[in-house]
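So the sequence lines, in the order shown, correspond to chains A and B. The first sequence runs 9 to 124 under the numbering used here. The second sequence runs 3 to 115 under the numbering used here. In what follows, a structure is listed as structure tokens, so that the remarks can point back to it.
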Amino acid sequence: AQTVTQSQPEMSVQEAETVTLSCTYDTSESDYYLFWYKQPPSRQMILVIRQEAYKQQNATENRFSVNFQKAAKSFSLKISDSQLGDAAMYFCAYMYSGGGADGLTFGKGTHLIIQP
Amino acid sequence: NAGVMQNPRHLVRRRGQEARLRCSPMKGHSHVYWYRQLPEEGLKFMVYLQKENIIDESGMPKERFSAEFPKEGPSILRIQQVVRGDSAAYFCASSPTGFYGYTFGSGTRLTVV
């Protein structure tokens with residue numbers, strides 16, 4: 009079974025600085041998707057960024073980018089120019105691309121604090 | 003497009019009562035997933051449904067829990083004879099294809115007293 013590990017329960021960064029959140033995963037599959045979700049205090053799960061495992065190019069969405077290392081099974085999220093609105097729980101998630109059964113497997117999350 | 007609608011947002015039940023959680027997927031989405039989030043944890047998959055069919059319920063406890071997604075109306079997650087350990091946030095997500103085009107609802111927080 010696949011697992012997702014986020015080794016940083018909490019991270020803190022100064023506003024306007026850059027922060028990197030770590031995620032590793034374990035799977036025997038070669039084709040899958042990886043995601044970062046943001047969960048603010050409102051509890052809404054918001055998709056931040058998505059990466060297809062077959063793509064070598066790292067995904068980027070404005071200030072958010074990933075460092076996807078398939079061989080190392082690592083999928084870190086970099087947030088540039090951190091803003092107060094980025095404060096939230098961040099969850100890394102995996103999904104096998106062969107079908108929707110099993111859904112997403114989530115890590116336990118990293119609580120990101122933005123210092124003004 | 004109203005997004006994925008979950009209600010109620012908060013639900014309080016006494017031990018032994020039944021809890022019914024509703025999820026209306028986005029328009030055009032026929033795939034629904036239910037997840038449970040315990041405090042300080044990530045979301046855990048419970049069940050995957052398409053219209054009128056349960057595709058995978060491997061994450062759902064065998065007893066007291068059931069889910070349905072009828073041809074008409076919302077998907078329902080039903081918990082019978084609730085216990086304190088059922089207290090959690092329950093999230094629904096919908097997708098048009100069953101693959102990565104998920105949209106999550108805002109969740110229902112169930113508190114069992």
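Even glycine gets a Cβ: it sits at the ideal position worked out from N, Cα and C.
(message) Using 8 Å for Cβ pairs, my map puts A/Y98 next to A/Y33. What's the rounded Cβ distance?
(response) Not quite, the Cβ-Cβ distance comes to about 15 Å (not below 8 Å), so this is no contact.
(request) Could you please give the first and the last residue of the uninterrupted beta strand (DSSP E) stretch that includes A/Q59? (result) 54-60
(request) With a 10 Å radius around its C-beta and 16 neighbouring C-beta atoms as the bar for buried, classify B/V14 as buried or exposed. (result) exposed
(message) Any C-beta of chain A within less than 8 Å: which residues of the stretch 29-52 of chain B qualify?
(response) H33, Y35, Y37, E42, E43, G44, L45, K46, F47, Y50
(request) Could you please give the first and the last residue of the uninterrupted beta strand (DSSP E) stretch that includes A/A96? (result) 96-104
(message) Could you compute how far the alpha carbon of A/Q14 sits from the alpha carbon of A/V56?
(response) Taking the straight line from one Cα to the other gives about 16 Å.
(message) Looking only at its chain, what residues have a beta carbon closer than 7 Å to the beta carbon of A/S20, apart from the 5 residues adjacent to it on each side?
(response) Take A/S20, set aside five residues on each side of it, and the residues of its chain with a beta-carbon closer than 7 Å to its own are I121, Q123, in chain order.
(request) Would you check if the distance between the CB atom of A/L29 and the CB atom of A/S73 is smaller than 8 Å? (result) Contact: no.
(request) Could you list which residues in chain B have their beta carbon closer than 8 Å to that of A/Q65, in chain order? (result) Within chain B, no residue comes near A/Q65; the closest Cβ sits about 17 Å away, beyond 8 Å.
(message) Are the CB atoms of B/T110 and B/A95 within a distance shorter than 8 Å?
(response) no
(message) According to DSSP, is B/R86 part of a helix, a strand, or is it coil?
(response) If DSSP states are grouped into helix, strand and coil, B/R86 belongs with the helices.
(request) Mind checking which residues open and close the beta strand (DSSP E) that includes B/R24? (result) 21-26
(request) Tell me, please, whether the CB atom of B/F93 is closer than 8 Å to any CB atom in chain A? (result) yes
(request) Mark A/K46 as exposed unless 16 or more other C-beta atoms lie within 10 angstroms of its C-beta, in which case mark it buried. (result) buried
(request) Identify the contact partners of A/F76 in chain B, using a Cβ-Cβ distance below 7 Å as the criterion. (result) Here the premise fails: no neighbours, minimum Cβ distance about 15 Å.
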